[in-house]
Amino acid sequence: MADKALQLDGVKVLLGVSGGVAAYKAVDLASKLTSAGAAVKTVMTANACELIRAKS
């Protein structure tokens with residue numbers, strides 16, 4: 180089976196991010212989903228906002 184790029188045109192994704200270590204991966208995940216054509220909305224806890232801000 181040939182590898183095929185994932186296309187998510189027209190797909191809506193709600194990405195929930197909490198204050199755990201995985202919050203760092205959420206930025207990359209949102210970017211990849213958007214690149215594949217998905218419309219991504221993100222909901223973050225206050226702790227997740229602190230972690231993401233600290234990364235920037």
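Each number in our numbering comes from the position in the sequence shown (counting from 1) with 179 added on.
The beta-carbon is built from N, C-alpha and C at its ideal position, and this holds for glycine as well.
From a predicted model like this one, the values you see are computed outputs, not experimental measurements.
Buried versus exposed, by CB contacts within 10 Å (16 or more), residue i
i	result
A181	Low local confidence applies: a pLDDT of 44 at A181 is under 50, so the model's placement there is unreliable, and no value is given.
V190	exposed
V196	buried
Expected contact under 8 Å - CB spacing of residue i and residue j to nearest Å
i	j	result
I231	A202	6 Å
L212	L187	7 Å
A215	L185	5 Å
T224	G198	5 Å
Identity of the residues DSSP links to residue i by a beta bridge
i	result
L193	K220
Span of the alpha helix (DSSP H), counted from its first residue to its last, around residue i
i	result
V206	A202 to S214
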